[in-house]
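Residue numbers (the working numbering): 3 to 352.
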């Protein structure tokens, strides 16, 4: 097999996924309409005790297809006076139920799931407070969801927004923040503080990017200054999320320059630490071993393809048998088949 026919490098999973920073709200908010509950009765007015039937119903949540195998996250807790503790974990708990809204059987069924689960976890008055907070959270989501349809679209050519479009985003953000303060005043900072700081920083970056008349040095200086204003947890999250791409770019650039695996490993160790370098070396060794096996397999495959005394059916059967013999792992056999097809397509275009 010639050098031009070598299998393309398959850089697979160098690192675990980085910690994802919070995204601008409309990029991650639940899709589909959010129904505001119509029931007006609260847990506080019901004032019922937990029954054996309530306890037995605990499997109803995790039995939903979208929640199968996922534990219910930590939910409502009480303070020393029996009131609901206002924590960030409460929003995670509510979002857990929202993630199953499509297969819960409708808004009322979803509300019943939350109602029952809250009652199993905390007594009054915390249970009534949690139920009211859930209802107001749904009302907040229902109010801000239409805003997502009004967000401006980035330019298809360069992916940027104009200054006017950035101002549109600012107006949408202001409306969303106002809804938080009106409907969820006691948890607005606890639930949304970090992502609001992130959104503010990202909008400021968009404004710098959209500002005309800035040379690249000044634009870079302003962006760096904005980065420095991020709270430390968000800055660390952004750096972590950007790290895999930076590592990939380093590897790709050095490979394009013809640098050896040893040189790349040394550069990675210096820039990102010995653990990253070790993972790269392990992956590079595995890739090299696979490439060698593929080269040996390709040479035998070429002999079968060149043999004129075979029918097309016999040829396909022998090629399939050869691939299974060379690559006992089904995923590697599939990978070899994909590379075979890519090589065949390349030869046809010559």
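Quick reminder that beta carbons are idealized off the backbone N, C-alpha and C, glycines included. All values derive from a computational prediction rather than experimental measurement.
- Under the Cβ criterion (8 Å, minimum of three pairs), the stretch 171-180 counts as touching the stretch 192-205.
- In the DSSP annotation of this structure, the continuous segment of the alpha helix (DSSP H) that includes residue 231 starts and ends at 218-231.
- Residue 220 places its beta carbon 9 Å or farther from that of residue 88.
- Rounded to the nearest angstrom, the gap between the Cα atoms of residue 266 and residue 291 is 18 Å.
- In this model, residue 280 and residue 273 are separated by some 13 Å (Cα to Cα).
- Looking at the DSSP output, residue 80 shares a beta bridge with 86.
- Residue 242 and residue 153 have their C-alpha atoms roughly 28 Å apart.
- Distance from residue 80 to residue 128 at the Cβ level is roughly 4 Å; contact confirmed, criterion being Cβ atoms closer than 8 Å.
- Following the DSSP letters along the chain, one finds residue 73 in no alpha helix (DSSP H), marked with neither H nor E.
- When secondary structure is reduced to three states using DSSP, residue 333 falls in the helix class.
- Annotation for residue 276: the continuous alpha helix (DSSP H) segment containing it runs 276-308.
- Counted as a single uninterrupted DSSP element, the alpha helix (DSSP H) harbouring residue 168 occupies residues 165-185.
- Assignment of residue 250 by DSSP, reduced to helix, strand and coil, places it in the helix class.
- Following the DSSP letters along the chain, one finds residue 259 in no alpha helix (DSSP H), marked with neither H nor E.
- In this structure, the straight-line span from the alpha carbon of residue 336 to that of residue 257 is close to 25 Å.
- At least 9 Å separates the beta-carbon of residue 271 from that of residue 286.
- Only residues of its own chain outside the window of five on either side were considered, and among them 168, 171, 172, 175 have a CB closer than 7 Å to the CB of residue 205, listed in chain order.
- No Cβ-Cβ contact shorter than 9 Å links residue 92 with residue 141.
- Assigned with DSSP and collapsed to three states, residue 126 falls in coil, not helix or strand.
- Note that the C-beta distance between residue 329 and residue 302 is not below 9 Å.
- For residue 103, the number of other beta carbons within 10 angstroms of its own is at least 16, and it is reported as buried.
- Apart from the 5 residues on each side of it in sequence, residue 124 sits with its Cβ closer than 6 Å to the Cβ of 78, 80 in its chain, given in chain order.
- Taking the Cα of residue 164 as reference, the smallest distance to any Cα among 212, 98, 338, 76 is reached at 212.
- At the C-beta level, residue 112 and residue 143 stay beyond 9 Å of one another.
- With at least 16 other beta carbons inside 10 angstroms of its own, residue 118 counts as buried.
- Residue 249 holds the alpha-carbon nearest to the alpha-carbon of residue 278 among 249, 304, 201, 73.
- No Cβ-Cβ contact shorter than 9 Å links residue 132 with residue 69.
- With at least 16 other beta carbons inside 10 angstroms of its own, residue 121 counts as buried.
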